[in-house]
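Take a look at the structure set out below.
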Amino acid sequence: MFTFPKLHLLLIFFISLLSSFLSTASPINIWPKPRFLSWPQHKAITLSPDFTIISPQHQYLTASVTRYHNLIHSENYSPLITSSIKLIKRYTLSKLVVTITDLSLPLHHGVNESYTLSIPFKSSSAHLSAHSVWGAMHGLETFSQITWGKAPELCVPVGIYIQDPPLFGHRGVLLDTSRNYYGVEDITRTIKAMSANKLNVFHWHITDSHSFPLVLPSEPSLAAKGSYGPDMVYTPEDVSMIVQFGLEHGVRVLPEIDTPGHTGSWGEAYPDIVTCANMFWWPAGKSWDERLASEPGTGQLNPLNPKTYEVVKNVIQDVAKLFPEPFFHGGGDEVIPGCWKTDPAITSFLSSGGTLSQLLEKYINSTLPYIVSQNRTVVYWEDVLLDAQIKVESSFLPKDHTILQTWNNGPVNTKRIVAAGYRVIVSSSEYYYLDCGHGGFLGNDSQYDQQGGGGGSGGGSWCAPFKTWQTIYNYDITDGLVDEEERKLVLGGEVALWSEQADPTVLDSRLWPRASAFAESLWSGNRDERGVKRCGEALDRLNRWRYRMVKRGIGAEPIQPLWCLRNPGMCNAAVS
């Protein structure tokens with residue numbers, strides 16, 4: 004005989020099965036899930052063969068409208084399982100009318116990206132309204148996702164109403180194109196996938212110690228000598244095309260020129276301004292604290308050499324001209340004491356009572372004002388303020404012009420940054436680093452010689468384990484922030500793909516659908532209407548979205564057998 008608790012658990016189990024079935028059975032699957040959606044009658048109509056999208060003329064919106072019109076008519080998306088939706092045949096939907104409150108709003112952080120979409124009963128028109136062009140683009144993406152069937156019989160839900168503002172304004176993907184090179188087509192494909200997931204910032208980590216692939220008019224020798232070769236560079240024309248492509252997809256392109264550390268590639272053109280360039284990263288017989296870099300690829304700009312600032316300012320000026328984005332990422336992470344100490348002038352400076360932090364202060368004080376003079380807000384990695392050995396006083400980092408990006412210690416460092424009064428972008432490596440968990444990349448590493456060896460449980464990966472989509476989805480980037488003013492300083496977050504062990508062959512599968520999980524958590528959150536984490540409910544929806552992304556040409560990795568979608572609820576965890 005069942006006791007009441009067992010009956011209660013059994014009821015929960017059957018409700019879970021039913022909920023999963025209903026979720027999977029519906030042809031409507033919008034990712035990321037909208038903040039508010041009402042579709043009470045589960046009825047649909049077909050699109051007219053002459054269906055069109057009517058919108059105001061705007062350089063980027065018009066391109067987006069054309070793209071979505073073509074996608075809607077060519078995608079021919081069929082849900083993986085059939086469902087019983089009542090199709091109304093008395094009339095068809097002939098047009099989607101787009102209205103914009105303010106066509107002049109630029110694609111900057113904080114722009115209103117919300118949209119409202121409705122398809123009323125007994126009307127041949129659907130309505131999409133947005134405050135900005137960029138919100139309208141999100142609405143067009145949603146309309147494409149609620150369209151299913153094969154032309155000429157394309158269906159859309161009728162009696163549906165969606166109101167959809169994002170939770171966070173900064174929702175980004177970082178791609179490192181220095182350690183391994185990615186072609187322009189790889190970058191544009193990534194931006195296209197980002198747009199489909201309502202992500203809005205492509206953080207382009209262009210340069211590092213390994214290569215300098217960006218061709219700059221004022222400093223052409225940096226790429227000529229510091230890139231991997233003439234066929235692995237980004238010309239100004241390439242950059243212009245990528246920036247334009249981003250704008251047409253509602254994605255900002257945020258450039259990062261990482262300095263003063265991570266600059267070994269600059270040394271090929273200017274050996275006099277780079278310390279410890281091309282030296283072995285961890286000299287034999289030295290402790291970890293005496294290393295020259297945190298991984299192979301050494302080199303840091305010399306703050307005491309006046310030539311350093313001449314070159315850096317040329318780089319800043321060129322990058323500001325190439326990228327209209329108001330944020331400029333100046334790097335600032337992992338400045339290693341041992342590298343600077345290899346330079347005689349710096350050694351003399353330290354012997355005379357100077358400090359390593361004073362060197363960084365000199366560099367920041369000489370470059371940050373110049374970046375600001377280009378009408379840019381400076382983004383630095385958290386190290387410039389929080390590093391244990393080399394950091395600057397907050398007086399060198401004016402809060403109105405500085406944003407910090409956190410990558411260590413999860414919510415702890417986020418709290419430290421906002422408590423100091425700085426705006427923050429969250430990229431906690433414990434949750435958002437997509438390169439983790441693939442072992443080490445060092446050669447001649449004897450730890451792997453023994454049976455079962457290889458860096459312990461992490462397998463040699465410093466940031467192991469692999470960050471699953473569930474880990475990413477469940478991370479709350481304002482965790483522990485009870486003060487509302489501090490929460491407002493959290494601009495959003497970025498997942499990061501560093502490229503020590505990634506290149507175009509694995510790009511899509513490393514990013515997707517894990518970046519999709521990130522996208523929903525920052526757009527509409529990871530909790531349901533009751534405030535309960537919804538990761539379990541999200542699985543079926545993410546799985547269906549993954550299959551649709553693949554159909555759209557994105558090589559997203561699988562997260563379940565297809566059998567699980569064909570058999571709703573049967574792959575759920577058992578109720579204990």
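First residue of the sequence shown? That's 4 in my numbering, and the numbers climb one at a time after it. Where is the CB? At the ideal position from N, CA and C, for every residue including glycine.
Exercise for review: Decide if Q62 is buried, meaning its Cβ has at least 16 other Cβ atoms within 10 Å, or exposed.
Suggested key: Per the 10 Å Cβ criterion, exposed.
Review point. Would you call the stretch 45-54 and the stretch 95-114 touching, i.e. three or more CB-CB distances under 8 angstroms?
Key: The answer is yes - the stretch 95-114 touches the stretch 45-54, with three or more Cβ pairs under 8 angstroms.
Review point. So who's on the other strand from C158, going by DSSP bridges?
Key: Beta-bridge pairing links C158 to T49, W151.
Check your understanding: What is the rounded straight-line gap between the Cα of G495 and the Cα of R174?
Key -> Just so you know, the alpha carbons of G495 and R174 end up roughly 6 angstroms apart.
**Study point:** alpha helix (DSSP H) segments (min. 4 residues) lying fully within the stretch 61-105
**Key:** Entirely contained in the stretch 61-105, the alpha helix (DSSP H) runs reaching 4 residues are, in chain order, 62-77.
Practice item. For the alpha helix (DSSP H) holding E364, just list the boundary residues, first then last. Key: Where E364 is concerned, the enclosing alpha helix (DSSP H) stretches over 359-376.
Exercise for review: For the alpha helix (DSSP H) holding A227, just list the boundary residues, first then last.
Suggested key: Residues 223-229.
Practice item. Decide if A391 is buried, meaning its Cβ has at least 16 other Cβ atoms within 10 Å, or exposed. Key: By the neighbour-count rule (16 or more Cβ atoms within 10 Å), A391 is not buried but exposed.
Review point. How would you call T85, buried or exposed, if buried means at least 16 neighbouring beta carbons within 10 angstroms?
Key: When all chains shown are included, T85 counts as exposed.
Exercise for review: Report the rounded CA-to-CA distance for L568 versus I319, giving the unit in angstroms.
Suggested key: Each residue's Cα considered, the two are about 50 angstroms apart.
Check your understanding: Leaving out five residues before and five after G249 in sequence, what residues of the same chain have Cβ atoms less than 7 angstroms from its Cβ?
Key -> If we look at G249 and ignore the five residues flanking it on each side, its Cβ neighbours are I194, F205, R255, V256.
Review point. Three or more C-beta pairs closer than 8 angstroms, one from the stretch 178-194 and one from the stretch 279-287: is that the case here?
Key: They do not touch, by the three-pair rule.
Point to revise | Inter-stretch contact at 8 angstroms, needing at least 3 Cβ pairs: the stretch 265-280 / the stretch 213-232 | key: Result yes; three or more Cβ-Cβ pairs closer than 8 angstroms.
**Study point:** First through last residue of the alpha helix (DSSP H) which encompasses T311
**Key:** Taken as a continuous stretch (DSSP letters only), the alpha helix (DSSP H) holding T311 covers 309-325.
Exercise for review: State the start and end residues of the unbroken beta strand (DSSP E) segment that holds V429.
Suggested key: V429 -> beta strand (DSSP E) spans 426-429.
Check your understanding: Could you give the distance in angstroms between the alpha-carbon of V187 and the alpha-carbon of I245?
Key -> C-alpha separation (whole angstroms): 7 angstroms.
**Study point:** Q247, enclosing alpha helix (DSSP H) - first and last residue
**Key:** It spans 239-251 - the alpha helix (DSSP H) in which Q247 sits, taken as one unbroken run.
Review point. What's the gap between the Cα of T150 and the Cα of W548?
Key: The alpha-carbon atoms of T150 and W548 are separated by roughly 13 angstroms.
Practice item. List the residues that DSSP assigns as beta-bridge partners of E259. Key: The partner list for E259 (beta bridge, DSSP) reads H208, H332.
Point to revise | Rounded separation between K201 and H141 - CA only | key: Taking C-alpha positions only, K201 is separated from H141 by approximately 6 angstroms.
Point to revise | Local conformation of L407 per DSSP, three classes | key: Three-state DSSP puts L407 in a strand.
Review point. Going by alpha carbons, who is nearest to D128 out of G113, H134, Y94?
Key: The sequence given here has Ser at residue 128, not Asp. Checked all of G113, H134, Y94; the closest Cα to S128 is Y94.
**Study point:** Own chain, CB closer than 8 angstroms to P516, minus 5 neighbours either side, in chain order
**Key:** Contacts found: W472, L545, W548, R549, M552, A559, E560, I562.
Check your understanding: Can you give the Cα-Cα distance for P294 and K344, rounded to whole angstroms?
Key -> The residue you asked about is not Pro; residue 294 is Arg in the sequence shown. Going by the C-alpha atoms only, they are around 11 angstroms apart.
Check your understanding: In terms of residue numbering, what span does the alpha helix (DSSP H) encompassing T350 cover?
Key -> For T350, the uninterrupted alpha helix (DSSP H) run begins and ends at 347-354, by DSSP.
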